[in-house]
Amino acid sequence: MGKYQISPGSFSSLENQVIVLTGGAHGVGESIVRDLYQVGAHVVFGDIDHAGCERLVRELKTDYPQATGTVIFRRVDVRSYDDNLALFRAAYEKHRHVDHALSIAGVTEGENWFDATLDLETVERQPSTAVLDINLLGALYFSRIAAVYLRQGNDSKKDKSLLLTGSLAAFKEQAGLFVYSPAKHGVMGLFRSIRRNLYCLHGIRVNILCPSLIRTAMASKVEHIWEERGLPINTAKEVGDVAINFTALPKQKDGEIHTNLAVYVEGGKAWEFESVLHELDNQWLSENMSKNCKAIDDALGVGSGWTTEKPSN
Numbered sequence: 027m028g029k030y031q032i033s034p035g036s037f038s039s040l041e042n043q044v045i046v047l048t049g050g051a052h053g054v055g056e057s058i059v060r061d062l063y064q065v066g067a068h069v070v071f072g073d074i075d076h077a078g079c080e081r082l083v084r085e086l087k088t089d090y091p092q093a094t095g096t097v098i099f100r101r102v103d104v105r106s107y108d109d110n111l112a113l114f115r116a117a118y119e120k121h122r123h124v125d126h127a128l129s130i131a132g133v134t135e136g137e138n139w140f141d142a143t144l145d146l147e148t149v150e151r152q153p154s155t156a157v158l159d160i161n162l163l164g165a166l167y168f169s170r171i172a173a174v175y176l177r178q179g180n181d182s183k184k185d186k187s188l189l190l191t192g193s194l195a196a197f198k199e200q201a202g203l204f205v206y207s208p209a210k211h212g213v214m215g216l217f218r219s220i221r222r223n224l225y226c227l228h229g230i231r232v233n234i235l236c237p238s239l240i241r242t243a244m245a246s247k248v249e250h251i252w253e254e255r256g257l258p259i260n261t262a263k264e265v266g267d268v269a270i271n272f273t274a275l276p277k278q279k280d281g282e283i284h285t286n287l288a289v290y291v292e293g294g295k296a297w298e299f300e301s302v303l304h305e306l307d308n309q310w311l312s313e314n315m316s317k318n319c320k321a322i323d324d325a326l327g328v329g330s331g332w333t334t335e336k337p338s339n
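Each position in the sequence shown, counted from 1, maps to that position plus 26 in the numbering used here.
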């Protein structure tokens with residue numbers, strides 16, 4: 027893995043930028059909203075907790091009366107396509123463009139889908155799909171809509187970006203996360219499937235944030251496992267800073283384009299791993315299979331041609 031450098035000093039570049047995000051009332055999302063507002067960004071955030079949104083906006087306007095940015099919110103259930111749409115529409119109607127979009131909303135494991143006590147009677151009850159719907163379907167809805175709003179009126183080719191939220195469970199085994207882990211693996215798949223398309227066709231940078239445990243209410247049931255073993259735990263602020271760093275990065279610096287990045291965060295430190303995984307695929311796939319995979323990638327291109335072709339009879 028390559029160490030990923032976080033530069034809080036670059037956050038000021040987001041002044042006057044219009045930024046849309048979900049999950050803004052608590053945890054990582056709240057930290058992001060606070061920091062963006064302080065640097066003068068125009069923040070439009072959504073969360074299912076309407077009262078939490080109202081509290082945050084009230085606190086921001088009280089705590090930072092000199093802030094030059096703006097903040098508005100919408101109650102958003104990310105499982106609803108219409109709610110996601112309304113969030114972006116609110117941003118566009120107020121500011122006439124959107125610069126960056128961050129999909130932050132998420133929930134952790136609920137009921138145990140593979141409970142050892144399940145029997146022929148209890149298995150008849152259909153389990154909840156909320157964890158899958160919020161973490162994966164919500165990210166899909168958000169990304170689809172973001173791709174359209176980010177490219178509106180961008181004739182000048184300004185920097186645009188989309189950030190997805192994965193997890194350690196998006197690329198490593200984590201026993202017991204029977205629905206959360208597949209959902210986050212799905213978000214990783216979403217990142218890999220749209221990054222080339224959105225950047226090549228529309229200049230939208232696509233990156234993914236993959237934190238380990240974060241000290242928030244969502245993780246309170248498992249914090250003790252980390253603490254008992256002396257393992258690093260992220261704060262919401264630390265993960266939020268990495269998220270903002272993705273957004274504040276210049277589109278290109280020293281010949282390097284800041285897109286296609288997958289960053290793991292642990293104890294406030296960050297490492298980029300996707301590029302390393304790609305560079306070494308001839309070792310874990312073998313040279314021949316790596317060559318074949320590249321040929322497939324080249325043939326598929328940005329994915330906008332073959333997906334619209336009609337099947338031959």
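Beta carbons are placed, not taken as given, at the ideal position from N, Cα and C, and that holds for glycine.
Residue environment, Asp181, which counts as buried when at least 16 other CB atoms sit within 10 Å: By the Cβ neighbour-count rule, Asp181 is exposed, with fewer than 16 other Cβ atoms within 10 Å of its own.
Minimum length 3: unbroken beta strand (DSSP E) runs contained in the segment 55–132: Counting only runs of 3 or more, we get 68–73, 96–101, 126–128.
Candidates Arg100, Ala112, His76, Gly66, of which the one nearest Pro91 by Cα: Closest option to Pro91, Cα to Cα, is Gly66.
Every unbroken beta strand (DSSP E) within the segment 277–303, with a cutoff of 3 residues, ordered by chain: The segment 277–303 contains these whole beta strand (DSSP E) runs: 288–292, 295–298.
Close Cβ partners of Met244 (< 6 Å) along its chain, the five nearest in sequence each way excluded: Excluding positions up to five away in sequence, the list reads Thr134.
Reference Tyr167, options Asp108, Leu203, Asn138, closest by Cα: When only C-alpha atoms are compared, the closest one is Asp108.
Local Cβ density within 10 Å of Val54, reported as buried at 16 or more and exposed below that: By the 10 Å Cβ count, Val54 comes out buried.
Through-space distance from Cys319 to Leu82, alpha-carbon basis: Taking the Cα positions, Leu82 is about 47 Å away from Cys319.
Pick from Gly294, Val70, Asn223 that is closest to Leu128, judged by C-alpha positions: Taking only the C-alpha atoms, the option nearest Leu128 is Val70.
Bounding residues of the alpha helix (DSSP H) (the contiguous stretch that carries Leu227): Leu227 -> alpha helix (DSSP H) spans 206–228.
Inter-stretch contact (C-beta, 8 Å, three-pair minimum) for the segment 36–45 and the segment 230–237: No, the segment 36–45 is not in contact with the segment 230–237.
Gly53 in three-state terms, based on DSSP: Three-state result, Gly53: helix.
Beta-carbon proximity check, His126 vs Leu224, cutoff 9 Å: Cβ distance not < 9 Å, so His126 and Leu224 don't count as in contact.
Cβ distance (whole Å) where Ile171 is taken to contact Leu111 below 8 Å: The Cβ separation is near 6 Å, so the contact holds.
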